[in-house]
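Down below is the structure, laid out as structure tokens.
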Ligand SMILES: NC(=O)c1ccc[n+]([C@@H]2O[C@H](COP(=O)([O-])OP(=O)(O)OC[C@H]3O[C@@H](n4cnc5c(N)ncnc54)[C@H](OP(=O)(O)O)[C@@H]3O)[C@@H](O)[C@H]2O)c1
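In the working numbering, the protein residues as written are 1374 to 1712.
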């Protein structure tokens, strides 16, 4: 009998939240339970946090530390810095010849304030709206840029991941059929994206703008890459309590809100990062040829706690916009490439 192929997975932002939970589930449910040989590359920006997460996972999952270090490897990358992403991809390709699944998970959401009365009004009157969009309670800063002058959310949440796909295309192709899974949010509705400000620098909602742009660009990449056996798709973790919301008051409100919303049958009130991974594990398992690039695979859960995957049709999939958006990012990426 042929021995199974040693698969390589990469997860950006694997040191915390959803990325950490996904790393743990993959190792426990695929490497340990199914005995599938694999390496999970934890792509993180902070070396100390990455090593702490790696050590904790090894302690929780492995008897043999050396085996744990073979399975769980670290790649340092700051997604908000294009040169760091290009360097990290070159490092990856020196270490690995293939990439089976790339989970584009890392993201930032900067919050400057929360309007508590709006928050409770929304929860009591429109729980489904809050579950989908987060409601009208969160204020984000306008005009944040990186040292390269790129919109901060745009750079970290979207452009860094775009560069990763482009730079890693040879190893994704080498593993065909391979999968690229972009994490988005149901809050990323069409209104938040304007191609005149595609980096979201002027936007009052730079997080949603970056996520919407990411989705639109993924639609185009799905078309461009499928002939190379690379299947690009979108997933949403629903609402989870993770470190993306750092303020303890907002975090406490989020937990209270999720409890009320789940009881009101609002969609995606997953609470835990493990439950948020439902759609990510599902996408790992399914036949790549059945993936629909115009669906958001959404982690959902019944009020009594059974997880399931909901297929949300992507709102307004405009392929002309997708082509124009991808072309903007392609031109920007070209400016950073070493000839
Ligand atoms: N939480 C939710 O309810 C929710 C809802 C919808 C969608 N999502 C999406 O789910 C994904 C995971 O979110 P989460 O809640 O797990 O967030 P999280 O706990 O804040 O984790 C985000 C991860 O991204 C990393 N990261 C941020 N900026 C980076 C950069 N420039 N370079 C490299 N890594 C970077 C963080 O690293 P550090 O630890 O170094 O900061 C962290 O590991 C995100 O794409 C998010 O948009 C979450």
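Think of the CB as a built atom: it goes at the ideal place given N, C-alpha and C, for glycine as much as any other residue.
Does ligand 1 have even one heavy atom less than 7 angstroms from the beta-carbon of residue 1510? Result no, Cβ not under 7 angstroms from ligand 1.
If you draw a straight line from the C-alpha of residue 1629 to the C-alpha of residue 1636, how long is it? Distance between the alpha carbons of residue 1629 and residue 1636 is about 11 angstroms.
Heavy atom of ligand 1 less than 7 angstroms from the Cβ of residue 1646, yes or no? Answer for residue 1646: yes, Cβ within range of ligand 1.
In the DSSP assignment, find the unbroken alpha helix (DSSP H) run with residue 1593 in it and report its ends. Counting along the chain, the alpha helix (DSSP H) containing residue 1593 begins and ends at 1579-1598.
Rounded C-beta distance between residue 1566 and residue 1589? I'm assuming under 8 angstroms. About 7 angstroms; that satisfies the 8 angstroms criterion.
By how many angstroms is the C-alpha of residue 1619 removed from the C-alpha of residue 1578? Distance between the alpha carbons of residue 1578 and residue 1619: 18 angstroms.
State the Cα-Cα distance for the pair residue 1428 and residue 1600, rounded to the nearest angstrom. Between the alpha carbons of residue 1428 and residue 1600 lies a gap of roughly 39 angstroms.
Enclosing beta strand (DSSP E) for residue 1380 [first to last residue]: Residue 1380 -> beta strand (DSSP E) spans 1380-1385.
Start-to-end residues for the beta strand (DSSP E) that takes in residue 1608: Note, residue 1608: beta strand (DSSP E), 1603-1609.
At which residues does the beta strand (DSSP E) containing residue 1624 begin and terminate? No beta strand (DSSP E) contains residue 1624, which is instead part of the alpha helix (DSSP H) from 1621-1636.
Just to confirm the assignment, what range does the beta strand (DSSP E) spanning residue 1669 have? Note, residue 1669: beta strand (DSSP E), 1668-1674.
Rounding to the nearest angstrom, what Cα-Cα distance links residue 1765 and residue 1500 in this structure? Past the boundaries of the shown model lies residue 1765; the chain is included only from 1374 to 1712, so the question cannot be answered.
Anyone know if the C-beta pair for residue 1434 and residue 1474 falls short of 8 angstroms? The criterion of a C-beta distance shorter than 8 angstroms is not satisfied by residue 1434 and residue 1474.
So, does the segment 1544-1560 touch the segment 1483-1495, judging by three or more C-beta pairs under 8 angstroms? By the C-beta criterion, the segment 1544-1560 is judged not to be in contact with the segment 1483-1495, since fewer than 3 inter-stretch pairs fall below 8 angstroms.
Leaving out the 5 sequence neighbours to the left and right, which residues in its chain are closer than 8 angstroms to residue 1425 when beta-carbon positions are compared? Closer than 8 angstroms at the Cβ level, and outside the excluded window around residue 1425, lie 1388.
Can you pull the DSSP bridge partners for residue 1555? When beta bridges are read from the DSSP output, residue 1555 appears opposite 1477, 1607.
To which residues of the same chain is residue 1602 closer than 7 angstroms at the C-beta, ignoring the five residues directly before and after it? Hits under 7 angstroms: 1546, 1549, 1550, 1551.
Following a CB-centred definition, is residue 1386 positioned closer than 7 angstroms to any heavy atom of ligand 1? For residue 1386, the Cβ falls inside the 7 angstroms cut-off from some heavy atom of ligand 1.
What does a CB cutoff of less than 7 angstroms around residue 1572 pick up in its chain, not counting 5 residues either side in sequence? Cβ neighbours of residue 1572 beyond the five flanking positions: 1523, 1524, 1527.
Near residue 1520, what residues of its chain come up, given a Cβ to Cβ distance below 7 angstroms and the 5 sequence neighbours on each side ignored? Listed in chain order, the non-local C-beta contacts of residue 1520 below 7 angstroms within the same chain number zero, local neighbours out to five positions each way being set aside.
Measuring alpha carbon to alpha carbon, tell me which of 1386, 1395, 1622 ends up nearest residue 1645. Here the closest residue by C-alpha is 1395.
Based on the DSSP secondary-structure assignment, which residues constitute the bridge partners of residue 1612? According to DSSP, residue 1612 bridges with 1642.
Is it buried or exposed for residue 1411, if we count other Cβ within 10 angstroms and need 16 for buried? So residue 1411 counts as buried.
Just checking residue 1481 against ligand 1 - is the residue's beta carbon closer than 7 angstroms to any of the ligand's heavy atoms? Correct: residue 1481 has its Cβ closer than 7 angstroms to ligand 1.
Pick out whichever of 1580, 1455, 1502, 1460 has its Cα sitting closest to the Cα of residue 1516. Measuring C-alpha to C-alpha distances from residue 1516 to each of 1580, 1455, 1502, 1460 identifies 1580 as the nearest.
Is residue 1514 near ligand 1, judged by its Cβ being under 7 angstroms from some heavy atom? Outside the cutoff, so no.
Let me know the beta strand (DSSP E) ranges lying completely inside the segment 1424-1495, each 3 residues or longer, listed in chain order. Runs found: 1445-1449, 1474-1477.
Using a threshold of 7 angstroms, is the CB atom of residue 1444 nearer than that to any non-hydrogen atom of ligand 1? It does not: the Cβ of residue 1444 is nowhere closer than 7 angstroms to a heavy atom of ligand 1.
Are the beta-carbon atoms belonging to residue 1612 and residue 1650 less than 8 angstroms from one another? Cβ distance not < 8 angstroms, so residue 1612 and residue 1650 don't count as in contact.
Can you give me the Cβ contacts of residue 1458 inside the same chain, cut-off strictly under 8 angstroms, excluding the 5 residues immediately before and after it? So the list reads 1450, 1451, 1452, 1533, 1536, 1537, 1540, once near-sequence residues are dropped.
For residue 1518, report the span of its beta strand (DSSP E) as first-last. Where residue 1518 is concerned, there is no enclosing beta strand (DSSP E), given that its DSSP letter is neither H nor E.
Determine the direct distance from the alpha carbon of residue 1437 to that of residue 1431, and round the result to whole angstroms. Near 8 angstroms, if we compare the C-alpha coordinates of residue 1437 and residue 1431.
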